[in-house]
């Protein structure tokens, strides 16, 4: 008899994960322009834009340790409240210096939600279904990351900054409401007194570090593309419908993850990695020759099969490679890889654009692929042993 996995609590957490991710992602493409609109310099606007990710990066180890020792419901609720406070702060902000404090609050809410919600979801899944379950969870995150920025830009163009930020506040409020409806409060696993006394504060989960590094390297080309694809298309004088790239990516990712979800529990890490390496290579090659919409479709498919697919594989492997009572720390270490990829992708992309010709932008990004393979090769036994 087939085991029923997607019960009421899991569906509520999946929906809440979409809304928590949508809240800050709706703000992100608007925040630099809003800061300048309030009177800041371009440099200060850049600091404001990056402060949320910097905050979340430094707070992840704390969040990871907290979630292994406290109720995931309580911490997720606090995360949602911080997101709501930040969203309201954007609506009423009157000078750019307010934005510094608001971005820190936003980062605090974001880090609590990312670590707590993912660990909560994993704790409700049978261990043998973590791969497929976290694949769907990652899909909800990815849809929030793909759809919310487009919605934010549309609302800004139609109604202005502050009314666009109202949508972020609504998204945060919906996340808080959905979390209240979850009946399993996600209390930490009980451990023996001996284990409790010997357990120390850990900054990262060492077993997950290679996985976080692999995810970071897959994320670099994706987030560099997110930051520069519009200017890249303009500089190569292409006529492709560049605005359709990320919606196409989101649809393809949805199809890939839904069609392959049952394979996440049965196929070893290494086989997925080789598929994603090849897919990323094809995607970057298509971006290097972005002459028509067919090439753009191939590029979107390549990145969906690369970073999009490996996000779920890396997250489920991070959770399976450690004991259940350390999954919070494992999740926080995993998300450090995403944070670094998200922040370093645009920076490295900017360096490449400044020192190389535009036509070398994506060939240079291909240098991440052999480094990914090397990290995998050195850790292949541990990574392939979880399935």
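In the UniProt record's numbering, the protein residues as written are 1 to 387.
Backbone N, C-alpha and C define an ideal beta-carbon position, used for all residues, glycine too.
All figures in this text were calculated on a predicted structure; none of them were measured in a lab.
Notebook entry, point to check: Between residue 340 and residue 50, what straight-line distance do the alpha-carbon atoms span, to the nearest angstrom?
Noted result: 12 Å
Checklist line | residue 198 classed as buried or exposed, judged by whether at least 16 other C-beta atoms fall within 10 angstroms | finding: Summary for residue 198: the model assigns pLDDT 48, below 50, so the residue's position carries little reliability, and this model does not support an answer.
Check: What number of angstroms, rounded off, separates the C-alpha of residue 387 from the C-alpha of residue 102?
Finding: 42 Å
Next item on the list: Leaving aside the five residues before and after residue 14 along the sequence, list all residues of the same chain whose C-beta is less than 7 Å from its C-beta, in chain order.
Entry: 136, 137, 140
Check: If you compare alpha carbons, which of 280, 162, 69, 83 is closest to residue 93?
Finding: 162
Margin query: Quick check on the DSSP output: the alpha helix (DSSP H) that includes residue 346 runs from which residue to which?
Written below: That run of the alpha helix (DSSP H) goes 327-355.
Notebook entry, point to check: Does DSSP put residue 135 in a helix, in a strand, or in coil?
Noted result: helix
Checklist line | Spatial neighbours of residue 31 in its chain, beta-carbon cut-off 7 Å, leaving aside the 5 residues before and after | finding: 48, 49
Note to self: So, at 7 Å on beta carbons, what are the nonlocal neighbours of residue 156 in its own chain, with the 5 sequence-adjacent residues on each side left out?
What the structure shows: So the qualifying residues of the chain are 30, 164.
Next item on the list: Please list, in chain order, all residues of the same chain as residue 18 whose beta carbon is under 7 Å from its beta carbon, the five residues on each side excluded.
Entry: Counting only Cβ-Cβ distances below 7 Å, and skipping sequence neighbours, we find 140, 143, 144.
Item checked: Spatial distance of residue 351 from residue 345 (CA atoms) -> 10 Å
Next item on the list: Would you check if the distance between the CB atom of residue 73 and the CB atom of residue 179 is smaller than 8 Å?
Entry: yes
Checklist line | Extent of the continuous alpha helix (DSSP H) run through residue 210 | finding: 209-235
Next item on the list: Using beta-carbon positions only, say whether residue 358 and residue 222 come within less than 8 Å of one another.
Entry: no
Check: Any idea what DSSP makes of residue 377, helix, strand or coil?
Finding: helix
Item checked: Spatial distance of residue 100 from residue 175 (CA atoms) -> 24 Å
Check: Apart from the five residues on each side of it in sequence, which residues of its chain come closer than 7 Å, Cβ to Cβ, to residue 205?
Finding: 322, 326, 329, 330, 333
Next item on the list: Output the boundary residues of the alpha helix (DSSP H) element that contains residue 120.
Entry: Unbroken alpha helix (DSSP H) run through residue 120: 96-124.
Checklist line | Opening and closing residue of the alpha helix (DSSP H) in which residue 46 lies | finding: 42-67
Next item on the list: Can you grab the Cα-Cα spacing for the pair residue 411 / residue 35, in whole Å?
Entry: One cannot answer for residue 411 here, as it falls past the ends of the chain, which runs 1 to 387.
Notebook entry, point to check: Using the C-alpha atoms, what's the distance from residue 105 back to residue 85?
Noted result: 8 Å
Notebook entry, point to check: Whose C-beta lies closer than 6 Å to the C-beta of residue 287 among residues of the same chain, with five residues either side of it excluded?
Noted result: The beta carbon of residue 287 lies closer than 6 Å to those of 299, 362 in the same chain, with the five residues before and after it left out.
Item checked: Residues near residue 307 in its chain [Cβ-Cβ closer than 6 Å; skip 5 each side] -> The answer, listed in chain order, is 218, 219, 222.
Notebook entry, point to check: According to the Cβ coordinates, are residue 126 and residue 44 closer than 8 Å?
Noted result: no
Note to self: I'd like to check one pair, residue 131 with residue 121: are the Cβ atoms closer than 8 Å?
What the structure shows: No, these two residues do not count as a Cβ contact at 8 Å.
Item checked: For residue 117 and residue 182, the rounded distance between their alpha carbons -> 12 Å
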